[in-house]
Each structure stands twice: as structure tokens, then as C-alpha cells.
Amino acid sequence: MNFLKQIDENGERWLLLFFYTTIVITIAMEVLRRFVFSYSSIWGEEVARYAFIYLAWVGASAAVKERAHIRIDVLLHYLPNRGKAAIYLLGDVATLVVALFALYWSIHPIEISLKFGSVTHGLGISQAWFLAAVPLGFSMMIFRLMQSMRRDIRSLTQNTPVFEGNKLFD
Numbered sequence: 052m053n054f055l056k057q058i059d060e061n062g063e064r065w066l067l068l069f070f071y072t073t074i075v076i077t078i079a080m081e082v083l084r085r086f087v088f089s090y091s092s093i094w095g096e097e098v099a100r101y102a103f104i105y106l107a108w109v110g111a112s113a114a115v116k117e118r119a120h121i122r123i124d125v126l127l128h129y130l131p132n133r134g135k136a137a138i139y140l141l142g143d144v145a146t147l148v149v150a151l152f153a154l155y156w157s158i159h160p161i162e163i164s165l166k167f168g169s170v171t172h173g174l175g176i177s178q179a180w181f182l183a184a185v186p187l188g189f190s191m192m193i194f195r196l197m198q199s200m201r202r203d204i205r206s207l208t209q210n211t212p213v214f215e216g217n218k219l220f221d
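For the sequence shown, our numbering assigns the number 52 to the initial residue and increments by one for each residue that follows.
Next comes the structure, spelled out in C-alpha cells:
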């Protein structure tokens with residue numbers, strides 16, 4: 052149970068660290084190869100690009116978890132706890148609808164890639180692995196949205212402070 056709690060609390064951070072480190076090491080290695088050895092690999096740019104794509108989608112999930120996406124929340128400071136919870140719940144439901152729609156449509160390119168056997172130019176592996184970043188990101192966002200909605204419903208019914216990222220509104 053402790054392992055699952057660690058994944059719940061830090062899963063996105065670990066993935067973000069992995070993808071960010073992959074990008075930095077790959078680009079540093081390619082710069083060194085190009086300017087010192089006058090040689091560059093065909094796969095280095097692809098690894099960095101695809102790691103960046105995964106970084107963006109996992110980052111979107113982390114932002115949902117921390118409520119760090121861009122929003123205008125000036126009026127929220129003047130609302131009571133239940134009003135804040137209701138507004139956040141409404142936003143979570145709207146985001147959930149968009150995420151479910153996007154998840155559904157992001158699976159189609161993977162099916163096409165698997166059907167026709169498309170591979171990447173440099174790495175020569177199935178492109179479906181990299182197209183999977185989008186549905187993975189939306190799936191993680193949906194999971195975090197469900198957690199957020201549960202928190203908001205609890206705040207709404209019990210009139211408790213609303214979770215706002217790393218702080219609580221009073």
C-alpha cells in the first residue's frame with residue numbers, strides 16, 4: 052500500500068524527472084558529438100523530441116493534480132468554501148468531458164499506426180509507442196480529475212476548505 056501511495060503522490064514527478072533527464076543527456080551528447088567529433092546520430096533528435104512529447108503530457112497530468120493550469124480565479128477569493136468547491140467541481144466536470152473526448156479520438160492514430168506498421172525514421176521502432184503519449188496523458192489527467200472531483204464533492208458537502216494546489220483556502 053505504501054508503494055501505491057508513493058506512486059499517487061510522486062508518480063508524475065518521477066516520470067517528469069526521467070523524461071527531462073533523457074532530454075538533457077541526449078541533447079548534451081548530440082552537441083558534444085557534433086562539435087567535438089563532427090558527427091551526429093540520426094536517433095538523438097528523435098529521442099529528445101519524443102521524450103519532450105511525453106514530458107508535456109505527463110506535465111499536464113501533474114498540473115491537473117496540483118491545480119496549476121492557467122485560470123482566472125480572482126472571484127474565487129470572495130466566495131465561501133462551498134462556492135469555491137462548486138466552481139472547481141464545475142471546472143473539473145468540463146475538463147473531464149474534454150479529456151474523455153480527446154482520449155477517445157487520440158486512440159485512432161495509434162490504431163492506424165499499428166495497422167500499417169509505421170516506424171520512426173531514426174530509431175526504427177513502432178511509432179505507436181510515441182503516439183501513445185497523448186492517450187496516456189489524457190488517461191492520467193482523467194484519473195487526477197476524478198481525485199479532484201472527489202475532493203471537491205467532499206469540500207462541498209462538508210463545507211471544508213478547498214484544495215488549491217499546495218495550499219488551502221480558508
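Note that the Cβ used here is the ideal one computed from N, Cα and C, for glycine as well.
Cβ neighbours of Phe70 in the same chain (closer than 6 Å, five flanking residues each side left out): Excluding sequence neighbours, Phe70 sits near Ala102, Tyr105 and Leu106.
What are the partner residues of Val125, as DSSP defines its beta bridges? Per DSSP, Val125 has no beta bridge partner at all.
Close Cβ partners of Ala137 (< 7 Å) along its chain, the five nearest in sequence each way excluded: For Ala137, where only same-chain residues beyond five positions count, the Cβ hits under 7 Å are Leu207.
Span of the alpha helix (DSSP H) holding Gln178? DSSP places Gln178 outside any alpha helix (DSSP H), giving it a letter other than H or E.
Residue from Tyr90, Asn61, Ala184 and Gly168 whose Cα sits closest to the Cα of Leu154: Considering only alpha carbons, the answer is Ala184.
Answer yes or no: do Lys135 and Val213 have a C-beta to C-beta separation smaller than 8 Å? Lys135 is a Cβ neighbour of Val213, given a cutoff of 8 Å.
I believe Ile158 touches Pro186 by the beta-carbon criterion, under 8 Å. Please report the beta-carbon distance rounded to the nearest angstrom. Here Ile158 really is in contact with Pro186; their C-beta atoms are around 5 Å apart, less than 8 Å.
Work out the CA separation of Asn210 and Arg133 for me, nearest whole Å. Approximately 6 Å, taken between the alpha carbons.
For Leu64, which residues of its own chain have a beta-carbon under 8 Å away from its beta-carbon, when the five flanking residues on both sides are left out? For clarity, residue 64 is Arg in the given sequence; the question names Leu instead. Hits under 8 Å: Ala113.
Between which two residues does the alpha helix (DSSP H) carrying Phe69 extend? Element bounds for Phe69: Asn53 to Val87.
Which residues share a DSSP beta bridge with Val170? In the DSSP output, where bridge partners are listed per residue, Val170 has Ser177.
Near Arg122, what residues of its chain come up, given a Cβ to Cβ distance below 8 Å and the 5 sequence neighbours on each side ignored? Correct list, in chain order: Gly142.
Kindly indicate the opening and closing residues of the alpha helix (DSSP H) around Gly95. It spans Gly95 to Glu117 - the alpha helix (DSSP H) in which Gly95 sits, taken as one unbroken run.
Taking Cβ positions, are Ser91 and Arg85 nearer each other than 8 Å? With contacts defined as CB atoms closer than 8 Å, Ser91 and Arg85 qualify as a contacting pair.
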